[in-house]
Amino acid sequence: MILYNGNFITMDKRNKFAQAVKIKGNKFVKVSTNEEILSMKFPGEECIDLEGKTVIPGLNDSHMHLYGFGLTLQMVNLMNVQSIDEIILKVKSYINDKNIAYNRWIQGRGWNQDYFTGDKRFPTRMDLDQISTKHPIILTRACGHMAVVNSKTLEVCGINHLTEEVEGGAFDIDLGLFRENALSLIFENMPKPRVDDIKETLLLAMKYANSKGLTSIQTDDLSHAGNYKQVLKAYEALRDEGKLTCRIYEQSLLNKEELIEFLSLGYNTGVGNEFFKIGPLKVLSDGSLGARTAALTKPYADDPSTRGIMCYSQEELDDLIGTAHQAGMQIAVHCIGDRAMYMVFESYEKILEKDYRANHRHGIIHCQIMDEYLLNKYKELDICAYVQPIFLHYDLHIVEDRVGKELAKTSYAFKSMIDKGIHTSFGTDCPVEALDTMSNIHCAVTRSDLSGEPIGGWNPKERLSVYEALYHYTQEGAYTSFEENTKGSITENKFADLVVLKDDILKTKRSNIKDIEVLMTFVGGKMVYKNC
């Protein structure tokens, strides 16, 4: 196959731009000029005239929840709801429209109390009882670290005032609010999907991801189906059937007992093929900023009664991280608050002093609230940073209120991290935020929300160039999965993963980047999406 007459932004530092490519099998065999590539055409070979359109390497989301996103496409969408009354109305309509029988579970996700136009309180059990007392209902906050349930859910799950507290979590039965590890009290009582159900959900999610130019996804899925083995079976079946349209690197969220079993079954970082590989052990250390469960060193500026929630003690973190490291596994830890980062860096420092491993590529996911000391610690320990610029759309409006102006100055410090030489890759954490690649780039290069506020950007010294944003959405994503030699740029002998855009992203006004459309997406030389 030949693609010619294009504006190829290759992300290859030795050959930044090209006009055409020749693909053989699943790889680029030549990246060059129109003249040279067309001279290599053989009779009957497929040729696509790109008519001057811009082409970039396939985008790589370095942290999201693909299966969880697929589930949200099948439940009540509560993104951007503006009141509790709207939540009640949407869920009631969902039940009535689908004629859902009593005792069947109702799930929704996406509400955020800070978007409410009136009272900005959390919805409660009493609110959900107005929807139904005949269906168990769980509505998860956008961040995924908090949910509200109705009285029927408490009944079905056997939760009452005698229910014991959950370490690393919190719940309020009267209000029906569950946070962090306490969510397991609900999830473990919900129906478990079959492997075929998981497969269908993953196919639905990948189809959407391809439409946004994603060809590689580093995803945390194993805890979303009740049994991690079911998720592995689904992915392995789709791989064997040739149905994966994204290259998957599984960030494996496991507890200590599950990790030991996982390793004994022969799973470890790198096991798999180019379409499905086991990635790092994923560790969830704290919560979210929006729910005030991210673990801070000082009390929240807007709620001094709390410093957030750590899901593990220091000793437990040391043990879990140490077990994975000694087994040769890569590790990636969710850290939003500075207290969480201090504790995780302590664990990393201990294991690397005890058992140093070059090129370990351990990482921290989110990397949000931090001071200058923590910024420097990434480089000192050679820790990868998985960041989500799209978080700025919401967080820039709350971060100073939550943590104070001084700490906010060194938070979400993407440009500083890159300038320090820290390997920094881009993701969305979808479904926490929308699976929208161009909006993600918009936030990275403008430091503004999607309406363009504030003009000039929040903490504008941390803005990236568009080229930098593309690099960290492609090449750096490949680096975090040890695959920088096989993908991440339009380079000869790399996988032919690419995206055709409607507009030239390097010449488009920054405020309009979010509106650029994806026209075609190719994975391994195969077109998996077309909109032209």
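Each position in the sequence shown, counted from 1, maps to that position plus 125 in the working numbering. From the three backbone atoms N, C-alpha and C, an ideal C-beta is built for every residue, glycine too.
Check your understanding: Would DSSP call Glu441 helix, strand or coil?
Key -> As a working mapping, residue 441 is identified with position 316 in the sequence shown. Secondary structure of Glu441 (DSSP, three-state): helix.
Practice item. May I ask you to verify whether the region 624–643 touches the region 556–567, counting CB pairs closer than 8 Å and requiring at least 3? Key: In short, these stretches touch, since the Cβ pair count reaches three.
Point to revise | Status (buried if at least 16 other CB within 10 Å, exposed otherwise) for Cys286 | key: As a first step, residue 286 must be located in the sequence shown, where it is residue number 161. According to the sequence provided, residue 286 is His. The question's Cys does not apply to it. His286 comes out exposed.
Check your understanding: How many angstroms separate the CA atom of Ser157 from the CA atom of Ser614?
Key -> Position 32 of the sequence shown holds residue 157. Position 489 of the sequence shown holds residue 614. Cα-Cα distance, rounded: 14 Å.
Point to revise | DSSP-derived helix/strand/coil call for Gln376 | key: Numbered from its first residue, the sequence shown carries residue 376 at position 251. For Gln376, the three-state secondary structure derived from DSSP is strand.
Review point. Using a Cβ-Cβ cut-off of 6 Å (strictly less than) and excluding sequence neighbours within five positions of Leu378, which residues of its own chain qualify?
Key: Working through the sequence shown from its first residue, we reach residue 378 at position 253. Excluding sequence neighbours, Leu378 sits near Asp345, Leu347, Ser348, Lys407.
Check your understanding: Does the distance from the CB of Ile323 to the CB of Val356 come in under 8 Å?
Key -> Locating residue 323 in the sequence shown gives position 198, counting from the first residue. Locating residue 356 in the sequence shown gives position 231, counting from the first residue. Yes; because the gap between Cβ atoms is below 8 Å, this pair is in contact.
Review point. In this structure, does DSSP put Val643 in helix, strand or coil?
Key: Translated into the one-based positions of the sequence shown, residue 643 becomes position 518. Val643: strand per DSSP, three-state reduction.
Check your understanding: Under the rule that 16 or more other beta-carbon atoms within 10 Å means buried, what is Ala143, buried or exposed?
Key -> Within the sequence shown, residue 143 is the residue found at index 18, counting from 1. Buried.
Review point. Where does Thr204 sit, in a helix, a strand or coil, going by DSSP?
Key: For the purposes of this step, residue 204 is taken as residue 79 along the sequence shown, with counting starting at 1. Position check: residue 204 holds Met in this sequence, whereas Thr was assumed. Correct three-state label for Met204: coil.
**Study point:** Among Met468, Tyr498, Asp480, Ser576, the one whose alpha carbon lies nearest that of Leu517
**Key:** Counted from its first residue, the sequence shown places residue 517 at position 392. Selected option, being the one with the closest Cα: Ser576.
Point to revise | Whole-Å CB distance - Gly235 paired with Leu203, under 8 Å assumed | key: Along the sequence shown, read from residue 1 onward, the residue named residue 235 stands at position 110. Along the sequence shown, read from residue 1 onward, the residue named residue 203 stands at position 78. Between Leu203 and Gly235 the Cβ distance is about 4 Å, and since that is below 8 Å, they are a contact.
**Study point:** Beta-bridge pairing of Asp186 - partner residues as DSSP gives them
**Key:** One-based indexing of the sequence shown puts residue 186 at position 61. Bridge partners of Asp186: Ile342.
**Study point:** Beta-carbon proximity check, Ala416 vs His270, cutoff 8 Å
**Key:** In the sequence shown, counting from the first residue as 1, residue 416 sits at position 291. In the sequence shown, counting from the first residue as 1, residue 270 sits at position 145. Yes.
Exercise for review: Check whether the region 535–546 touches the region 489–498, counting contact only when three or more Cβ pairs, one atom from each stretch, lie closer than 8 Å.
Suggested key: Enough Cβ pairs lie closer than 8 Å, so yes.
**Study point:** Anticipated Cβ contact below 8 Å, Ile342 with Ala350, distance rounded
**Key:** Position 217 of the sequence shown, counted from the start, is the residue given in the question as residue 342. Position 225 of the sequence shown, counted from the start, is the residue given in the question as residue 350. Wrong, their Cβ atoms sit about 17 Å apart, outside the cutoff.
Check your understanding: What is the DSSP secondary structure of Asn132, reduced to helix, strand or coil?
Key -> As a working mapping, residue 132 is identified with position 7 in the sequence shown. Note: Asn132 maps to strand in three-state DSSP.
**Study point:** Exposure label - Gly391; buried when at least 16 CB within 10 Å
**Key:** For the purposes of this step, residue 391 is identified with residue 266 of the sequence shown, where counting begins at 1. Gly391 should be labelled exposed.
Check your understanding: In terms of DSSP beta bridges, what is Ile181 paired with?
Key -> Translated into the one-based positions of the sequence shown, residue 181 becomes position 56. For Ile181, which the question treats as bridged, DSSP gives the partners Val624.
Review point. Within the 8 Å Cβ cut-off, does Gly269 reach chain B?
Key: Judged by its chain identifiers, the structure shown contains no chain B, having just a single protein chain.
**Study point:** Segment contact, 8 Å Cβ cut-off, at least three pairs: the region 139–153 with the region 302–309
**Key:** no
**Study point:** Buried or exposed by the 16-neighbour rule on C-beta atoms within 10 Å, applied to Ser164
**Key:** The residue given as residue 164 occupies position 39 in the sequence shown. So Ser164 counts as exposed.
Check your understanding: Can you tell me the Cα-Cα spacing of Glu677 and Asn501, whole angstroms?
Key -> For the chain, the structure presents residues 126 to 657; residue 677 sits outside this window and is missing.
Check your understanding: When DSSP builds the beta bridges, which residues end up paired with Gln232?
Key -> On the sequence shown, position 107 is the one that residue 232 refers to. According to DSSP, Gln232 bridges with Ile263.
Check your understanding: Count the other CB atoms within 10 Å of the CB of Asp574; is the residue buried (16 or more) or exposed (fewer)?
Key -> Mapped onto the sequence shown, residue 574 falls at position 449. With 16 or more other Cβ atoms inside 10 Å of its own Cβ, Asp574 counts as buried.
Check your understanding: Should Tyr596 be labelled buried (16 or more other beta-carbon atoms within 10 Å of its own) or exposed?
Key -> Position 471 of the sequence shown, counted from the start, is the residue given in the question as residue 596. By the 16-neighbour rule on beta-carbons within 10 angstroms, Tyr596 is buried.
Point to revise | His548 - DSSP class collapsed to helix/strand/coil | key: Counting from 1 along the sequence shown, the entry for residue 548 is found at position 423. DSSP places His548 in coil when its eight states are reduced to three.
Practice item. Could you tell me the distance, in whole angstroms, from the CA atom of Val643 to the CA atom of Arg486? Key: Mapped onto the sequence shown, residue 643 falls at position 518. Mapped onto the sequence shown, residue 486 falls at position 361. In this structure, the CA atom of Val643 is about 31 Å from the CA atom of Arg486.
**Study point:** Contact belief for Ala145 with Ile127 at Cβ below 8 Å, rounded distance in angstroms
**Key:** Residue numbering aside, residue 145 sits at position 20 when the sequence shown is read from its first letter. Residue numbering aside, residue 127 sits at position 2 when the sequence shown is read from its first letter. Right, the Cβ-Cβ distance comes to about 7 Å (below 8 Å), so this counts as a contact.
Review point. Do you know offhand how far Asn584's Cα is from Arg572's?
Key: Reading the sequence shown from its first residue, position 459 is the one you call residue 584. Reading the sequence shown from its first residue, position 447 is the one you call residue 572. In this structure, the alpha-carbon of Asn584 lies about 7 Å from that of Arg572.
Exercise for review: Check whether the Cβ atoms of Lys245 and Asp252 lie closer than 8 Å to each other.
Suggested key: In the sequence shown, the residue the question calls residue 245 occupies position 120. In the sequence shown, the residue the question calls residue 252 occupies position 127. No, the pair does not count as a contact, with Cβ atoms beyond the cut-off.
Point to revise | Between the CA atoms of Glu292 and Thr418 - distance to the nearest angstrom | key: Sequence index remark: in the sequence shown, residue 418 carries index 293 (1-based). Sequence index remark: in the sequence shown, residue 292 carries index 167 (1-based). Each residue's alpha carbon lies about 14 Å from the other.
Check your understanding: For Ala330, which three-state DSSP category applies?
Key -> Start at 1 with the first residue of the sequence shown, and residue 330 comes out as number 205. In this structure, DSSP gives Ala330 a helical state, which the three-state scheme calls helix.
**Study point:** Whole-angstrom distance between Ser389 and Gly395, CA atom to CA atom
**Key:** Against the sequence shown, residue 395 aligns to sequence position 270. Against the sequence shown, residue 389 aligns to sequence position 264. Their Cα atoms are separated by approximately 15 Å.
Practice item. Compare the beta carbon distance of Gly453 and Ile476 with 8 Å and say whether it is the shorter of the two. Key: As a position in the sequence shown, residue 453 is number 328, starting the count at 1. As a position in the sequence shown, residue 476 is number 351, starting the count at 1. No. Outside cutoff.
**Study point:** Rounded Cβ spacing between Ala420 and Ala465 (contact assumed at less than 8 Å)
**Key:** For the purposes of this step, residue 420 is taken as residue 295 along the sequence shown, with counting starting at 1. For the purposes of this step, residue 465 is taken as residue 340 along the sequence shown, with counting starting at 1. Sure, about 4 Å apart at Cβ, within 8 Å.
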